[in-house]
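To start, the structure itself, in structure tokens.
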Amino acid sequence: MDYKVPKQDINTDPLLSKSPDFNRKSAVMKTDKVYKCEIINIVELTEFEKLFRLKIADRTERELFDFRPGQFAMLEVPGFGEVPLSITSSANNKEYIELCVRKAGRTTEVLHQARLGTKLGLRGPFGTSFPMEEMAGCNILLIAGGLGLAPLRAPIYWASENRNQFKEVHVLYGTKEPAQMLFTYQYGEWEKVNNIKLHTIVEKGDSDWKGRTGLITELFDEVTIDPQNTYVIVCGPPVMFKFVCHHLNGEGIPMNRMFVSLERRMHCGMGKCCRCMVGSTFTCVDGPVFDYWSVLNLKEAI
Ligand SMILES: Cc1cc2nc3c(=O)[nH]c(=O)nc-3n(C[C@H](O)[C@H](O)[C@H](O)COP(=O)(O)OP(=O)(O)OC[C@H]3O[C@@H](n4cnc5c(N)ncnc54)[C@H](O)[C@@H]3O)c2cc1C
Ligand code: FES
């Protein structure tokens, strides 16, 4: 058989002159850089969660480290491993970053034993973020279940620091028990200084609990929803997304104005190892922040 090989010139053929981006280098720039950092403060939030304040050692690198609410970092505990963690501090803060860590397994247990001055490695920031600018001029509902308040804290800082850009800001927060509530020492500041309306609920109260008991969806009766002018961010266990977003969609909030953070087991954080894939989607690069419409179209995502 006679094959005709087309003449191709690497200098002129657009298909050959631009090599395919197999490794998604354009999307993962900066992400294999390890920043040396040191723990400069630790707050014990609950029995299982600690807040670590980290300072990047090199001043120039510290000033250049730039992230957006919703993004995460890979924290390396030398000799033990690396874990993905949402950046929970203000995106405006160039002095330090904060990570809220639940004691979940091997690496996070070692991290919980760390002291002030412990040296760690940090890669990132990674992934997609909440479109805070798009929400300007609207009401925002920030909804968290349990540890979900950690990724939600960066958007809360954003809303507080740009308070006049938003109409009503509500934080709806639910945990199983009062003792599991995170960042309780900041609630007064959020409400009184930043004019954020905080609504809390627990599944099971204790003798000191004077608030509401039940599921987070029960808090919707405290908020008047204006569907055409409201954006929503939901962080927490995926099972919560369905109930919360389904309810709000029923109230008329479009699916593409509700954003969730989808966490999967991750290894590289930069679209190389395929560990975090849901179907053909990399949750580390294409996520972790997705709008609810996209999540519903991701098979078995929630
Ligand atoms: C984008 C992203 C953001 C995250 N943000 C935070 C955060 O702000 N604070 C926080 O405490 N944790 C967060 N996590 C979860 C955290 O990464 C895991 O708890 C951690 O990797 C566990 O590591 P380990 O070595 O201590 O435990 P392992 O020994 O690896 O695992 C212990 C247990 O944790 C589960 N686990 C491991 N990795 C994950 C994961 N990625 N998601 C859910 N469960 C997991 C395992 O199934 C196992 O049951 C986040 C995860 C992702 C993907
Ligand atoms: S964590 Fe490696 S591809 Fe997403």
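Residue numbers (the working numbering): 52 to 353. For glycine and all other residues, C-beta sits at the position ideal for the given N, C-alpha and C.
For residue j and residue i, believed in contact at Cβ under 8 Å, the rounded distance
i	j	result
C151	T139	5 Å
C286	L203	5 Å
C296	Y224	Wrong, their Cβ atoms sit about 17 Å apart, outside the cutoff.
R263	I252	5 Å
V336	G322	4 Å
E127	K106	At roughly 16 Å, the Cβ-Cβ gap does not stay under 8 Å, so E127 and K106 are not in contact.
Assigned secondary structure, residue i (DSSP; H/G/I helix, E/B strand, else coil)
i	result
V79	In this prediction, V79 scores a pLDDT of 49, lower than 50, which makes its location untrustworthy; no coordinate-derived value is stated.
I267	helix
S180	coil
H250	strand
E302	coil
P202	helix
G197	helix
K243	helix
H297	helix
F99	coil
Per DSSP, cross-strand counterpart(s) of residue i
i	result
N190	T281
V340	S312
T226	V253
V346	Partner(s): none; V346 has no beta bridge.
F123	S137 and F177
Buried or exposed by the 16-neighbour rule on C-beta atoms within 10 Å, applied to residue i
i	result
T226	buried
G338	buried
N215	exposed
E228	exposed
T332	buried
A108	exposed
N144	exposed
G130	exposed
Whether or not the region 170–189 and the region 85–98 are in contact is what I'm after, with contact meaning three or more pairs of Cβ atoms, one per stretch, closer than 8 Å; do they touch?
yes
Using a Cβ distance threshold of 8 Å, determine whether the region 128–137 contacts the region 266–284, with at least three qualifying pairs required.
no
Can at least three beta-carbon pairs, one atom from the region 184–197 and one from the region 276–283, be found at a separation below 8 Å?
yes
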